[in-house]
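Mapping of the sequence shown onto our numbering: residues 6 to 342, in sequence order. Built from N, CA and C at the ideal position, the CB exists for glycine as well.
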Amino acid sequence: MWGMGRLARGSWFPQGGEPGAGPERGRQPRVYSADASPGATPRGTRRGPHPGPSSARAIGSAAGGRPRPRRGRPPTERAGWPVKLRVLGAYGGTLPGKRMTCFLINDEVVIDAGSMASALTLEEQIRVRHVVLTHSHSDHVNSLPFFIENIFGRIQEPVKIHSLPACIDVVQQHLFNNAIWPDFASIPDRVLPMMEFRPAPTMATIKMAGLRITMVPVNHVVPTVGLVVEEGDKAIVFSGDTAPTQSLWAVANGLHDGVVKALLVEASFPNRMQPLADISKHLTPQQLVPEIAKCRHVCPVYAYHIKPPYLDEIRGEIEGLATDRIEIVEQDRTYEF
Ligand SMILES: [Zn+2]
Ligand SMILES: [Zn+2]
């Protein structure tokens, strides 16, 4: 089995060092197949005429190592279909009817695990094959234990949990530690467990279920990534939890004209709480316009991760902005791009 100590700092990481530990740094993305063995060593990238995730070369799967048992469905084929983004949880906290941050893409990939166990039916949870965590805060990981328990014995291959090594370390040590919840990465056994942790460094592009997801470091109080999610010639950008940031927009700006279909940008606190937003490294509505101005793509912007007690106040502040591009994302709605 892949012990975390070996995985987190093993040869899978081409750059060495601890991803997410330092400030945002621009690097060319590298591409990993989510189906590759964790013992694989990526072989570098190619710089093309259009920088950004699409310019990176796909990394083949592992050389060497004992092949793992492979079961389950073949890779998803979705050419020509819209990207489906279902909002399971739109908020950075919870109150009745307000679920924590969680998005479902094309029925198989979940971005942040704030509410997947409470927002999806059991049948829908069984379809999930990959979970991408932007960081380790509770409003982004708390439903993971209950999701894994719900699908226990009902899936044919482990669910892949993708994130920075720092985040996965925290989730393993403080959530699936056999004290808070069982270690489902070794249950029912270590050969075919219920879930597999797949740590990846910042600027990695991970291929999964027909998507390419690039993890770009952003500006939060723990190692955190924003995400550029691509399918074919379409992309959606998620800010993650962040104060004003740069690298994410640089990566998005490297994509072709017309590719970026939506920006999802956090807006956690109302303007009057700017000092708290600053110290906790979040955004307020008054920071949204300068923030999205860093992105050259003109597309709809959806504010999310609002702290529920301030929803009405933040809605009023967003409606008062000098732009009609920004609206609050609707929980339980499925957007198609
Ligand atoms: Zn959060
Ligand atoms: Zn956070």
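Does the beta carbon of HIS261 fall short of 7 angstroms from some heavy atom of ligand 1? Taking the first residue of the sequence shown as 1, we reach residue 261 at position 256. HIS261 has its Cβ no nearer than 7 angstroms to any heavy atom of ligand 1.
Give me the Cα-Cα distance between VAL133 and GLU322, rounded to the nearest whole angstrom. Counted from its first residue, the sequence shown places residue 133 at position 128. Counted from its first residue, the sequence shown places residue 322 at position 317. Using only the alpha carbons, I get a separation of about 36 angstroms.
Would you tell me roughly how many angstroms separate the C-alpha atoms of ASN224 and THR247, rounded to the nearest one? Position 219 of the sequence shown, counted from the start, is the residue given in the question as residue 224. Position 242 of the sequence shown, counted from the start, is the residue given in the question as residue 247. Here the alpha carbon of ASN224 sits roughly 5 angstroms from the alpha carbon of THR247.
Any heavy atom of ligand 2 within a distance shorter than 7 angstroms of the CB on HIS179? In the sequence shown, residue 179 corresponds to position 174, counting from 1. No, ligand 2 has no heavy atom inside 7 angstroms of this Cβ.
Let's test the definition: count the other Cβ atoms within 10 Å of the Cβ of PRO74 and tell me whether it reaches 16, buried, or not, exposed. As a working mapping, residue 74 is identified with position 69 in the sequence shown. Its pLDDT being 39, under 50, PRO74 is placed unreliably by the model, and the measurement read from it follows with that caveat. Around the beta-carbon of PRO74, fewer than 16 other beta-carbon atoms lie within 10 Å, marking it exposed.
Straight-line Cα distance separating PHE108 from LYS176: Here residue 176 corresponds to residue number 171 of the sequence shown, with the count starting at 1. Here residue 108 corresponds to residue number 103 of the sequence shown, with the count starting at 1. The residue asked about is misnamed: residue 176 is Val in this sequence, not Lys. Whole-angstrom Cα-Cα distance: 19 angstroms.
Quick check: the Cα distance between GLN291 and ARG195, rounded to an integer number of angstroms? In the sequence shown, the residue the question calls residue 291 occupies position 286. In the sequence shown, the residue the question calls residue 195 occupies position 190. Straight-line spacing of the CA atoms in GLN291 and ARG195 works out to 49 angstroms.
Terminal residues of the continuous beta strand (DSSP E) containing GLY321? Residue mapping note: residue 321 aligns to position 316 of the sequence shown, counting from 1. Under the DSSP assignment, GLY321 falls outside any beta strand (DSSP E), being part of the alpha helix (DSSP H) whose first and last residues are 316-324.
With C-beta atoms as the reference, is THR106 less than 8 angstroms away from TYR307? Against the sequence shown, residue 106 aligns to sequence position 101. Against the sequence shown, residue 307 aligns to sequence position 302. No.
Going by DSSP in three states, GLU162 sits in which element: helix, strand or coil? Numbered from its first residue, the sequence shown carries residue 162 at position 157. Look at GLU162 here: in three-state DSSP terms it is coil, with no helix or strand label.
Can you determine whether any heavy atom of ligand 1 sits closer than 7 angstroms to the C-beta of THR106, and answer yes or no? Numbered from 1 along the sequence shown, position 101 holds the residue referred to as residue 106. At least one heavy atom of ligand 1 is nearer than 7 angstroms to the Cβ of THR106, so yes.
Excluding five sequence neighbours on each side, which residues of the same chain lie with their C-beta closer than 6 angstroms to the C-beta of LEU288? Translated into the one-based positions of the sequence shown, residue 288 becomes position 283. The residues are GLU271, ALA272.
Can you tell me whether DSSP reads PRO43 as helix, strand or coil? Taking the first residue of the sequence shown as position 1, residue 43 is located at position 38. For PRO43, the pLDDT reaches just 44, beneath the cut-off of 50, and the residue's location in the model is therefore unreliable, leaving the point undetermined.
For ALA122, which of helix, strand or coil comes out of DSSP? Taking the first residue of the sequence shown as position 1, residue 122 is located at position 117. The answer is helix: DSSP assigns ALA122 an H, G or I state.
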